[in-house]
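Residue numbers (UniProt numbering): 1 to 321.
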């Protein structure tokens, strides 16, 4: 006979006047069934029907005389889920600070147990990290906005976790931006290789290959400079050569393929020595190429186009609270 695990009461979620006791792994929660049923249709149905009888000869698990309902969830995710339900200050609307992994855990169980208003709130937190619009994404990618969702910078597990969670709950509009953040870094791919499922490995390696191709194609635009009407007396040619060398050395050093090239405008702006003809032409060409790449990004992950993804998003997020 193996020893029974020691059960731990989670003090902040142990209400002495409540009658519903939940167990997730070795953690126990004593909560008010009425509040939980009002928030979650799944718990409302669960509470409405009696628990199935235990096997013959095996006593019903009880604590303080109340039967224990077993949840097949991790204790960590069950705790953040219940805190979101019972503590109004724990899971507030954006831009309130929140831990990334708390968002993921809460979102998964809010979807599983059908708590729509808080589920939408979790999605809105993730949407700030992985926007559907190019301009908003570039602000995040360039770190131009303060991020209220707290996570470790440059940790490839973060976008990978977001990708898996988004797929699980049907929030497919998050996948292109999260997929880009994960797959553009070869170092990130290599460090997570042994954690990927076969279908994930195939998807992200194929996406990375497309990023390599797109990065090279966009860099080819430099060959259009200088323009025939250039009046810089050779300065534009020098600036373009420097820009090409910087892009190539950066790519080789990091092995990253970043077709959106957040720094390209610093390399080709008027302050870099490009003339009044070459600079706006180059920037215009890169903007068009960047937009084309962004428009096709969902297709690289086997998804419908942005228009359909945004319709899906609107259907879910309308009435966000």
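From the three backbone atoms N, C-alpha and C, an ideal C-beta is built for every residue, glycine too. Remember, it's a predicted structure, so these values are computed and weren't measured experimentally.
Query: May I have a chain-ordered list of the alpha helix (DSSP H) segments no shorter than 4 residues that lie completely inside the segment 267-310?; Result: 278-300
Query: Between residue 383 and residue 212, what straight-line distance do the alpha-carbon atoms span, to the nearest angstrom?; Result: The question about residue 383 has no answer here: the residues shown for the chain are numbered 1 through 321.
Query: Of the choices 83, 41 and 6, whose alpha-carbon is the least far from that of residue 31?; Result: 83
Query: Could you give the first and the last residue of the continuous alpha helix (DSSP H) run that contains residue 110?; Result: 100-112
Query: Going by beta-carbon coordinates alone, are residue 293 and residue 260 separated by less than 8 Å?; Result: yes
Query: In chain order, what residues of the same chain have a beta carbon less than 6 Å from the beta carbon of residue 99, not counting five sequence neighbours either side?; Result: 150
Query: What would DSSP say about residue 19, mapped onto helix, strand or coil?; Result: coil
Query: Let me check understanding here. Comparing Cα to Cα, which of 14, 21, 239 and 26 lies closest to residue 7?; Result: 26
Query: What's the call for residue 129, buried or exposed, on a 16-neighbour Cβ count within 10 Å?; Result: buried
Query: Any beta-carbon of chain C closer than 8 Å to the one on residue 85?; Result: You won't find chain C in this structure, because it holds only one protein chain.
Query: What number of angstroms, rounded off, separates the C-alpha of residue 74 from the C-alpha of residue 28?; Result: 12 Å
Query: In chain order, which continuous runs of the alpha helix (DSSP H) of length 4 or greater are located wholly inside the segment 62-147?; Result: 75-86, 100-112, 116-129 and 134-141
Query: So what's residue 28 in DSSP terms, helix, strand or just coil?; Result: strand
Query: Residue 207: beta carbon under 7 Å from a heavy atom of the ligand COA?; Result: Absent from the structure shown: the ligand COA. Ligands present: none.
Query: Rounded to whole angstroms, how far is the Cβ of residue 20 from the Cβ of residue 36, which I believe are closer than 8 Å?; Result: 7 Å
Query: In angstroms, rounded to a whole number, what distance separates the CA positions of residue 312 and residue 249?; Result: 40 Å
Query: Quick one, which of 310, 15, 124 and 247 has its alpha-carbon nearest residue 147's?; Result: 124
Query: If you compare alpha carbons, which of 45, 171 and 215 is closest to residue 119?; Result: 171
Query: As a quick exercise: from 179, 141 and 49, pick the residue whose alpha carbon is nearest that of residue 153.; Result: 141
Query: Taking the alpha carbon of residue 173 as the point to measure from, which residue in 315, 69, 89 and 112 has its own alpha carbon closest?; Result: 315
Query: Relative to the C-alpha of residue 38, which candidate in 195, 76 and 115 has its C-alpha closest?; Result: 115
Query: Determine the closest residue to residue 318 out of 138, 297 and 117, with distance taken between C-alpha atoms.; Result: 117
Query: For residue 13, which three-state DSSP category applies?; Result: strand
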